[in-house]
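Colleague: For what it's worth, my numbering labels the leading residue of the sequence shown as 0, then goes sequentially.
Where a beta carbon is used, it is the ideal one built from N, C-alpha and C, also for glycine.
Note that the structure is a prediction, hence the values are computed from the model and not measured.
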Amino acid sequence: MQSSAVINEAVQTLRDGGLVAFPIETVYGLWADAKNPQVIHKVFATKGRPSNHPLIVHLAAPDRFDQAQVDWVPILAPWTRDLSEDTLKLINAFWPGSLTLVFKKDKSVLNDLTGGQDTVAIRAPAHPIAQELLRKFKGGVVAPSANRFGKVSLTSAADVRAEFEDVLDLMILDGGDCEIGIESTIIDLSSGDKAVLPRPGAITPSEILAKTGVNVYQPNELKSDEAMEDLPKISGSLKAHYAPTTPLRLYAPGRVLDALSEFPDINSRVAVAVWDSESSLSEDGHRSAHCEEIEVPSDSTAFASRLYRSLRDLDQPGWDLILFPEPPAGEKWDGVRDRLQRACFGSGPSSSGHVNT
Ligand code: TXA
Ligand code: MG
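1) Where do the ends of the beta strand (DSSP E) carrying Tyr-250 lie?
2) Excluding five sequence neighbours on each side, which residues of the same chain lie with their C-beta closer than 8 Å to the C-beta of Ala-142?
3) Where does Gly-200 sit, in a helix, a strand or coil, going by DSSP?
4) Any heavy atom of the ligand TXA closer than 7 Å to the beta-carbon of Gly-334?
5) Out of curiosity, what's the CA-to-CA distance linking Leu-196 and Thr-184?
6) In chain order, what residues of the same chain lie with their CB nearer than 6 Å to the CB of Val-335, ignoring the 5 residues before and after it?
7) Are there three or more Cβ pairs, one per stretch, closer than 8 Å when the region 201-210 is compared with the region 39-53?
8) For the structure I just gave you, are there three or more beta carbon pairs, one from the region 156-164 and one from the region 64-78, closer than 8 Å?
9) DSSP on Ala-9, reduced to helix/strand/coil?
10) With a threshold of 8 Å, are at least 3 pairs of Cβ atoms found where one atom belongs to the region 316-333 and the other to the region 246-255?
11) Comparing the CB of Val-101 with every heavy atom of the ligand TXA, is any distance shorter than 7 Å?
12) Tell me, to the nearest whole angstrom, how far the beta carbon of Thr-153 is from that of Val-26; I am working on the premise that it is less than 8 Å.
13) Of the residues Val-140, Glu-292, Ile-181 and Gln-217, which one's Cα is nearest the Cα of Tyr-241?
14) Whole angstroms are fine: how far does the CA of Val-269 sit from the CA of Asn-110?
15) Going by DSSP, name the residue or residues bridged to Cys-290.
16) For a test of the three-state rule: what should DSSP assign to Ala-226, helix, strand or coil?
17) Helix, strand or coil: which one does DSSP assign to Ser-97?
18) Classify Glu-225 as buried or exposed, calling it buried when 16 or more other Cβ atoms lie within 10 Å of its own Cβ.
19) Just tell me which of Gly-175, Ala-9, Leu-256 and His-289 has its CA closest to the CA of Ser-267.
20) Taking just the CA atoms, how far does Asp-192 sit from Pro-231?
21) Could you pull out every residue in the same chain whose Cβ sits closer than 6 Å to the Cβ of Thr-99, ignoring the five residues on either side in sequence?
22) Which term fits Ile-171, buried or exposed, when burial requires 16 or more other beta carbons within 10 angstroms of its beta carbon?
23) Would you identify the three-state DSSP class for Lys-150, choosing helix, strand or coil?
24) Please go through the same chain and pick out, in chain order, the residues whose beta-carbon is closer than 8 Å to the beta-carbon of Lys-137, but skip the five residues on each side of it.
25) Run through DSSP, which three-state label would Pro-22 get?
26) Should Asn-219 be labelled buried (16 or more other beta-carbon atoms within 10 Å of its own) or exposed?
27) Should Thr-86 and Lys-104 be called a contact, given that it needs their Cβ atoms to be closer than 8 Å?
28) Tell me whether Ser-3 is buried or exposed, calling it buried when 16 or more other Cβ atoms sit within 10 Å of its Cβ.
29) From the DSSP output, read off the bridge partner residues of Arg-122.
30) Starting from the C-beta of Gly-96, find all residues in its chain whose C-beta is less than 6 Å away, skip the five residues before and the five after it, and write them out in chain order.
31) In the DSSP assignment, find the unbroken alpha helix (DSSP H) run with Asp-158 in it and report its ends.
Spelled out as structure tokens, the structure:
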């Protein structure tokens, strides 16, 4: 837990136009005042992120009363008035929590933070220290995930420190490891028509349907090309993202050898993630290289909470290849499957070239 003095210092840093790295329940974020264009430019520069990839605004209810009783309409008023009945159902069911919603933005919301789009993404984090900081700050705070653009997101203060060791004026609060471990689910409601899922996360479309009756559509379910073009720019939707520098591949059940065939060098050192529920790979499963097995949880929630930690730990010079098992079918695995597939695509020594195109 952080002392109030440290939280007050973080609030002051935000007011002074500084950057603070801080955990939310999902991943660590790089926080900055959402009303200060200079520091918003600094967020983009620090991450190395193109300025047309919009940021999420984080808000908290002003007091620590029963969260189920919060009236979010006045809290959202300075950011959006685009609140349909479905939107309010989602807000009341899932805020505070790991659900980000995309709205048509109010004129006063800085174009610098929305990448020039007429929409704004907003979430209300559940993390108690994040809430305390937001309450004391009394305003909106932007926070992208605290990692260099296209790279693996981070879930511990030590990793953030290592990633940004050259950013000397970055204040880093150690709020422990993040519980959920992958970024929030994003639902885009800005078309005013259908709720669309640009980024899967821990909160799934079935859970949304069950709790609110709102149907959520996958972007590819939108029929017209025009609708696809209208989908906002979203860096998490780049084919290559969340990527380690060491090549990463997925293997189908029992097919480690196939995945290794791309790397025939007998001296290759390969980290093979195996389900903790299964006995280890058979001897002849990895003749062609030196393989070491690392167990990964076969429960989707536990897997998500350790995914970035494992990728980061394995992304070290000692390994030539990282193999992960393909996540099983099923919606509860969609969030990690999405991150792993993009991480594979962008992985390898030339990954930054890939990502920045
Ligand atoms: O869990 C999270 O969501 C973390 C924590 C720190 O809040 N944040 C996060 O931010 O993942 P970032 O910037 O790394 O990813 C936010 C995603 C980006 O892919 C961005 O393009 C999308 O949200 N986004 C932001 N504003 C948007 C908008 N107006 N329309 C559509 N997508 C938007
Ligand atoms: Mg990110």
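Modeller: The structure says:
1) 247-250
2) Phe-21, Ile-23, Gly-28, Leu-29, Trp-30, Ala-31, Leu-54, Ile-55 and His-57
3) coil
4) no
5) 8 Å
6) Phe-302, Ala-303, Leu-306 and Pro-326
7) no
8) no
9) helix
10) yes
11) yes
12) The sequence shown places Leu at residue 153, rather than the Thr named in the question. Right, the Cβ-Cβ distance comes to about 6 Å (below 8 Å), so this counts as a contact.
13) Ile-181
14) 45 Å
15) Val-269
16) Low confidence applies to Ala-226: its pLDDT is 48, below 50, so where it sits in the model is not reliable, and the reading given next is rough at best. Helix at Ala-226.
17) coil
18) Residue confidence for Glu-225 is low, a pLDDT of 49 falling below 50, so the modelled location carries little weight; the figure read from the coordinates is stated next. Classification of Glu-225: exposed, given that the 10 Å Cβ count is below 16.
19) His-289
20) Because the pLDDT of Pro-231 is 49, which lies under 50, any placement of that residue in the model is unreliable, and the number read from its coordinates should be weighed accordingly. When rounded, the distance between both Cα atoms is 15 Å.
21) Ile-55, Ala-120, Arg-122, Ser-183 and Ile-185
22) buried
23) strand
24) Pro-61
25) strand
26) exposed
27) no
28) exposed
29) His-57
30) Ala-125
31) 156-162
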